[in-house]
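These notes concern the structure reproduced below.
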Amino acid sequence: GTIATGIGFTQLAELTASIDIPCMTAKIYLKYNTIVGADIKSSAWDEMRLAGMEEKRLALELGDIDEDGIPMCPVIADGQWSKRNYKTKYDALSGAVSNEINNIV
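Residue numbers for the sequence shown follow my numbering, beginning at 69 and rising by one.
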């Protein structure tokens, strides 16, 4: 839960204290966070590899290849962010970027 929500040990300790539940030690948290983090990374890489293989297959089926026979796969990247104001200036900035990349070698 802490990895998915982006909180760390301190926030977990505060949360469990607020509902009167004992929290694990920082050492145990770090141990399991490392194990689970490695599993998440491995799973993500596996999924990205499978997605890449599927994109390659689809490009080949459609004949979407370059002059060297390399499959061409469209890639779209985007991102969003917000500057936090921490209850002081109330001037949070936000932004978004979206870009289509046509050639990656």
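In this text, a Cβ means the ideal position worked out from N, Cα and C, and glycines have one as well.
Spatial neighbours of residue i within its chain, please: C-beta separation below 8 angstroms, excluding the five flanking residues on both sides.
i	result
K124	P139, C141
I133	A127, P139, M140
D88	none
Pop quiz: residue i and residue j are said to be a contact at Cβ under 8 angstroms. What is the actual Cβ separation, rounded to whole angstroms?
i	j	result
A106	C91	In fact, because the Cβ distance is near 22 angstroms, the residues do not count as touching under 8 angstroms.
I71	I96	About 15 angstroms separates the two Cβ atoms, so there is no contact after all.
Output needed for residue i: all residues of its chain with C-beta closer than 7 angstroms, excluding positions within five of it in sequence on either side, in chain order.
i	result
M128	Looking at the sequence shown, residue 128 is not Met but Leu. Contacts found: P139.
V173	With a pLDDT of 47 at V173, under the threshold of 50, the modelled position of this residue cannot be trusted; read the value that follows with caution. Taken in chain order, the list of residues that qualify is empty.
T78	none
Enumerate in chain order the residues of its own chain whose CB-to-CB distance from residue i is below 6 angstroms, with the five nearest sequence positions on each side excluded.
i	result
T84	C91
G137	none
E115	none
Query - the region 112-121 in contact with the region 94-104 per 3-pair CB rule at 8 angstroms - result: Touching, no.
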